[in-house]
Each structure stands twice: as structure tokens, then as C-alpha cells.
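In my numbering, the protein residues as written are 15 to 374.
Below: one structure, written as C-alpha cells.
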């Protein structure tokens, strides 16, 4: 049987097989649009691998705990993060840059614990454990019956790093051990601006829900666990990232581009480049993004990849980022978390718009 981390790319296809009415789909889309915050002509492309997050502001926390590592039995960071990147993930690297957390919050007999985090300054992965205090298991179906990924989502989820920055990412639930009563939740996010070590992170979750087993064949959602969970912890991390030489020129769709900055780490990447044309996005009537938005994104989206030492070309086109215009130019950021840990010594070069940049 495939493991959860192997199915992350397939999760979107699996979710497409879930049946929602047109009305429900439109309602979900409208909520996602309302939660997006953007300034000027800045646009974000977001890839998610689970049911949508329906963000709502202003919910009061039922219980907040800010704890030290000694207050709880904390899962080893390597053990927790292997569920994100697979059992063959480079343990030495995880031991260097992965950090245990151990902050927990309890409401209505359900405890959520932040187990471990990895961050390179722009990209991060956080893994959580969720369990009933009485030891009973959650009644949650798998998305496709075999992948281990679960048909479940939070009614609201907000991860606040205290920084105003564009971001994109993905999150999903899986069951690392069907024999116990605990399920796991993983967040992978990328920020346009740097997240500095030592910042206090505040994470709030509300109501655990599923689209399955409503009992009346309707499109409504069933609440598995009602409550609000708020956790606070310091973002302590060590990065093994490398800043590569920049300033190179390239051509893209009859435009001339300049590479502004290149960062790569075992966890992910962040590239910034400028194109000598202005991106133009039509107004979105009724909050619905027209086809022109996707076409404009594609026009300014540079091909990018990693060349690995074993000859593998690691495609990065599924990452996200932002587009921001300044005068007659457009500044683009592309970033993302890898599906696996990639040691820097295995990355020969980064390719951006046909320009090979060696990783030295």
C-alpha cells in the first residue's frame, strides 16, 4: 500500500471524485475568495491537496496553552516528519533542521498537539497529532479507501506568523497508524517574505468536519469534533539553505527577464525574477476569477527545475507564488516545499527560464 506522502500529488484527483452539488462548490469557492487578502495587482496561485480551508475571523479560543518541551511527552522530530517526507527521508538533515514543538490545546475532549516543524526561512512544514482524550477513534473515511489520506477538514484554520506577506501552500490529514486513535495533520506553506527564527506562531483550528456520512445523502458537512483549539509556540529552526548567484537574463514569451534572487534548501526553494512587461488582470465579477487570470499567470510563469546528481530533473512547475507590478515591470516570486528532503549536495544546479545556476 502506498504511504500518505506518496499520495499528496494524487490527492487533488481523489478529491475531484467526491460529489458536491454546483451550489456547494460555488459556496466553497466564494468563501475561499473572501478569505484571500491581496494588495494592488498582487496575485497568488495556490495549490491545495485537501478539502478547502474555510477561514473565518474573530473566533475566541476555548483554551490556549503555551508550553515548554518538558511539559509534554514530545514526539521525536525525525519520527514526526518522516510521515511528511517518507520513511527514506534523510534523517541526518531532519535531525539538523527539524525541531520538536510539543504545544497542545484541548477542547471538548479533543487534544491537538503541534509535533514538529522544519523551516528554511521562507518554506515550512508543521505536523500535528489529533486525538480524543478518552482513547476512542475518530469516525473518518479515507478519501479513496486505500491511500491513508482522510476525508476531513477544519471549519476554520489560521496559522499566524505575525508577518504581512503573500503565501501559498497545502495541507492534508492522514492516519500514520490505523491501530491507534490518533490522526495526523500536515501543513506545508511558503511565504514571499522571510520568517525569522524566534517569532511566536499562533495557530487556531475550529471544528473538525467531513463531507462523508451525513446520513441524508445531502451536500452538508458532518461535524466530527466541535471546538476551538489555539496553540502558541516559538518558531525555532536552523536552515541549511543556499543563496545562489543572481542577475542573469532570460527570455520568456517575448519578454526579457532578470533573475533577482535564488534560494534553495533541502526543504524547498524561493526564486524571484523581474519581467519587462506589466501583468494585467481583468476585474473579477461576482468574485469569480475569469479565464484571463489563468492565462496571464501562465504568461509570466517561468519554467523552473532542479538538476540532481543522479540525472533526475525535478520539475518545480507545481509550486505557487505571486505576481506584483511596479511601473511597467512585473516582479514574480515562485516558491514551494519539496515532496521529499533533497540534500544540497545532490542538487547540481537550478534551472530558471533556461538559465542553469550551479549549486556550489
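From the three backbone atoms N, C-alpha and C, an ideal C-beta is built for every residue, glycine too.
Starting from residue i, follow its DSSP beta bridges and name the residues at the other end.
i           : result
residue 222 : 168, 239
residue 203 : 138, 183
residue 95  : Paired residues: none, contrary to the question.
residue 271 : 264, 289
residue 354 : In the DSSP output, where bridge partners are listed per residue, residue 354 has none listed.
residue 343 : 340
residue 174 : 216
residue 163 : 188
residue 143 : 127, 198
residue 282 : 351
residue 121 : 124
residue 276 : 258, 285
Taking the beta strand (DSSP E) that residue i falls in, what are its first and last residues?
i           : result
residue 182 : 181-188
residue 128 : 124-133
residue 443 : The shown model of the chain, from 15 to 374, leaves out residue 443, and the question about it has no answer.
residue 256 : 256-258
residue 372 : 369-372
residue 318 : 318-322
residue 365 : 361-366
residue 327 : 327-329
Which value, in whole angstroms, describes the spacing of the CA atoms of residue i and residue j?
i           : j           : result
residue 328 : residue 321 : 6 Å
residue 370 : residue 319 : 9 Å
residue 250 : residue 177 : 16 Å
residue 59  : residue 182 : With a pLDDT of 36 at residue 59, under the threshold of 50, the predicted position of this residue should be treated as unreliable, though the coordinate-derived value follows. Spanning the two alpha carbons is a distance of roughly 7 Å.
residue 277 : residue 260 : 10 Å
residue 281 : residue 124 : 31 Å
residue 349 : residue 121 : 35 Å
residue 107 : residue 99  : 12 Å
residue 200 : residue 186 : 6 Å
residue 197 : residue 325 : 37 Å
residue 299 : residue 147 : 47 Å
residue 104 : residue 364 : 21 Å
residue 234 : residue 132 : 36 Å
residue 203 : residue 267 : 29 Å
residue 237 : residue 175 : 28 Å
residue 113 : residue 341 : 42 Å
residue 194 : residue 372 : 46 Å
residue 213 : residue 248 : 6 Å
residue 336 : residue 314 : 10 Å
residue 184 : residue 361 : 24 Å
residue 190 : residue 311 : 37 Å
residue 145 : residue 333 : 32 Å
residue 222 : residue 156 : 15 Å
residue 169 : residue 163 : 18 Å
residue 331 : residue 354 : 16 Å
residue 167 : residue 343 : 39 Å
residue 154 : residue 225 : 10 Å
residue 215 : residue 269 : 40 Å
residue 211 : residue 115 : 14 Å
residue 241 : residue 220 : 6 Å
residue 359 : residue 93  : 23 Å
residue 323 : residue 239 : 47 Å
DSSP state of residue i, grouped into three classes?
i           : result
residue 109 : helix
residue 216 : strand
residue 114 : strand
residue 252 : coil
residue 294 : coil
Only counting the same chain, and skipping five residues up and downstream in sequence, which positions put a Cβ closer than 6 Å to that of residue i?
i           : result
residue 286 : 274, 275, 347
residue 127 : 118, 143
residue 356 : 280
residue 205 : 136, 179, 181
residue 217 : 173, 245
residue 284 : 136, 277, 349
residue 352 : 282
residue 243 : 119, 121, 126, 219
residue 71  : The pLDDT assigned to residue 71 is 24, lower than 50, so where the model puts this residue is not dependable, and the model offers no usable value.
Go to residue i, then tell me how far its alpha helix (DSSP H) extends in each direction, as first and last residue.
i           : result
residue 313 : 305-314
Among residues of its own chain, excluding the 5 on either side of residue i, which ones have a beta-carbon nearer than 7 Å to its beta-carbon?
i           : result
residue 135 : 208, 209, 253, 255
residue 151 : 195
residue 140 : 128, 131, 201
For residue i, I'd like the list of residues in its chain whose CB is within less than 8 Å of its CB, leaving aside the five on either flank, ordered along the chain.
i           : result
residue 257 : 275, 276, 277
residue 306 : 295, 296
residue 304 : 296, 298
residue 271 : 263, 264, 265, 287, 288, 289, 290, 316, 367
residue 110 : 252, 254
residue 292 : 339, 341, 342, 343, 344
Taking only beta-carbon positions, decide if residue i is within less than 7 Å of chain D.
i          : result
residue 99 : No chain D appears in this structure, which consists of one protein chain only.
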